[in-house]
Structure formats: C-alpha cells, structure tokens
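Letter by letter, the sequence shown follows residues 15 to 325 in my numbering.
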Amino acid sequence: MSIKPIIIVPGESKSVFFEIFFKTLKSKSFRSPLLLICNFKEFKNQMKIFKFKKNYEILDFKILKNKELNNKTIYIIDVNPDNPRMYIHNCFETAFKLIKSKFSNKFLNGPINKKKSLNKKYLGVTEYIAAKFNKKKIGMLIYNKDLSVSPITTHLPLKLVAKKISQKLIKEKVVTINSFYKKNFGFKPNIGVTGLNPHCESILKINEDDRIIKPAINNLKKKKINIVGPLAADTIFLKQNRVKYDVILGMYHDQVLTPVKTLFEYNATNITMGLPFLRVSPDHGPNEKMFKKNKSNPQSLINSLNFLDRK
C-alpha cells in the first residue's frame, strides 16, 4: 500500500463527530484511505440524518493486511456498542492492534467523554494512549501554523500543578517539542515558556519560577534549543509578544489552551508528541448538546486530517 490509511475512532456515539466528518468530506478529499472503527448501524443512521452519500465497505479485521484500500471509499470495522462502557475501549483496542501490526502509523480519534469512557486512572486520552504504548516522555501540542501551545501538565487539578512541576519534566517536554518540530516540520522552533505564578513572582519563600523553571531553561539553552523564559503568562499572548514564538509552553492546561482557543477557536489540532506513530484529535469535546443539530464547525477535524494526510 503506497499511502498508509488514516485509522479513525469516531468516539462517543452521541457527539458531533459524524456531523463534522461528513461536512469535511463534502468540502474536500484526501489522498489517504479512511478507515473508521465504530458501530456500523450508527454510521449508517447518521449518514441518513445528514444526507451524506459516499461509497462504504465493511471490512473484517482479519483480511485487512491483504486488502488494497483506496481514497474513494469509506472503510468500516464494525464494533458492537451493546456495552457502552466498553464500546470506546474496544474501538481503541482494535485501532492499536492495527498500528502495532504496522498497518498504519496515522491515527485520529474523535471527541471522548473522559469521565464516562476512560478508566479513572488516566488523566485524559493523551495519557491513555501513551500508556497503551508504554511511552512516558510524551506531550500535548495544540498546533496552529502561526502559534502552537503545549502544557507541562495536562488534565491535572490546579491544586496539584505546583507539586508536579520539576526541572526534569520541563526539560523532557521541551526536548520532545524540539524533536517533533525538527522531524515533522524541518526546523527548530522558537519556544517561549510561561512562569507558574502571576508575573513570575511569589509572596512565598519558595518561588517555582526561580527555583525550577529558570534553571531548566538555562540548561536547555546550553543544548542549543531556542528557548526564552520564564515569561509572565498574562502578557505573553499579546500580539507583539506571541509573534516571537512558534510554541508557547505553559505550566498547566488552561494557562495556554484558553488563550489559544480564544485566538484561533476551531482552527487548531490536538497532537500527541512522543508516540511511535502520528496521533491527532480535533481540538474540542463531544458537545452532546449539539448532537444531530447540524450546526458544528468542522475546521479542527479538517486540520487534523490534513496533518495526517501530509505523510
């Protein structure tokens, strides 16, 4: 197979995924074949709801290795949804088997309700996938060609963030970002790092910005990484400041995801760095309130598929 297929787990049954997926395919085509791992009845039902027409074919997992796929047909591996708690798990497990067999190195998952569909020991889908491939040095990148962001800690309660941050973790995340950009985009990114505390100051004796973040950055500079910080989080996203960076690294999830979503809304892609394959996801949740309303924006899914289709 000359072009690897994109393996897709649509995610929650009651989400906006199929709506934005059909809108995406109506607006453009992709070089890569598309393989959905989901419940076929739900797929067919939503095709009718959104009046979408395209050739599709149900495939048996066992024959995939000898099957030549094309980009004119949507391929489907049917998964039984009778046990809702296991449905997402079974979809992911099927996808992981295909990836581990080298069938493809391109994976996209639709929005997942973490509370409902993931084991509580995982902070999020990023951590769940990393654990399945035994990878610890990973990172979340919310990618936009003009400015991307990455949080040091992901779906961690705010009161635990300061305890989690360390020089080792910061250095690992920055090296992961630097390597990812060199491998996938062909250049070393300019990285700006936020402080943890307001204005990088603290009234306490222990100031994480001085004791942890600044020494980590100084060490990384010695490794010829283009990095600056710690910088005040309340001004780093101002227009005259953010243009200096390809990536802004924050200390916690909402510190950097809130401003980047304000700037770009749906025009971004959630990428997991550090995996032995490419994994992306639209940068939004299931949005169950908009289920079947035909009002959702497909731009983030378009960006996600475009990224995988480059390879």
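C-beta atoms are modelled at their ideal positions from N, C-alpha and C, and glycine is treated no differently.
Counting C-beta pairs with one atom in each stretch, the segment 46-57 and the segment 144-158 have fewer than three that are closer than 8 Å, which means they do not touch.
Counting only residues of its own chain and dropping the five nearest sequence neighbours on each side, I179 has a CB closer than 8 Å to the CB of I166, T167, L210, E222, I226, I227 and M265. Under the three-state reduction of DSSP, T272 is assigned to helix.
In this structure, DSSP gives R293 an extended state, which the three-state scheme calls strand.
Of the residues L73, K28 and M100, the one whose Cα lies closest to the Cα of I91 is L73.
DSSP places M265 outside both helix and strand once states are collapsed to three, so it counts as coil.
Straight-line spacing of the CA atoms in F147 and L289 works out to 8 Å. A Cβ-Cβ separation of about 6 Å places H298 in contact with P125 under the 8 Å criterion. Pairwise C-beta distances place the segment 201-208 in contact with the segment 254-265, as three or more of them are shorter than 8 Å. In this structure, the alpha-carbon of K307 lies about 42 Å from that of F201. DSSP, read as helix, strand or coil, puts V189 in helix. Taking a contact as a CB-CB distance under 8 Å, the pair S318 and S295 counts as one, their CB atoms being some 7 Å apart. Taken atom to atom, the span from the alpha-carbon of Y70 to that of N84 is near 11 Å. When only Cα atoms are considered, R256 and G243 end up about 13 Å apart. The alpha-carbon separation between F305 and K28 amounts to approximately 6 Å. In the structure shown, L73 adopts coil according to DSSP, grouped into three states. For L39, the closest alpha carbon among the candidates K325, P312 and K196 is that of P312. Close CB contacts of I63 within its chain, under the 7 Å cut and outside five residues either way in sequence, are with K306 (chain order).
Around the C-beta of Q269, 16 or more other C-beta atoms lie within 10 Å, and the residue is accordingly described as buried. L183 and T190 have their alpha carbons spaced roughly 11 Å apart. Minimum Cα-Cα distance from L48 among the listed residues H169, P24, E33 and K76 corresponds to P24.
Here DSSP, grouped into helix, strand and coil, assigns P244 to strand. Residue pairing by DSSP puts M154 in a beta bridge opposite T286. Collapsing the DSSP output to three states places I17 in coil. Rounded to whole angstroms, the separation of the alpha carbons of K185 and F35 is 37 Å. Annotation for P98: the continuous alpha helix (DSSP H) segment containing it runs P98 to K114. Only exposed fits P229, as fewer than 16 other CB atoms lie within 10 angstroms of its CB. L50 and I88 have their C-alpha atoms roughly 7 Å apart. Taking the CA atoms as reference points, L132 sits about 18 Å from F31.
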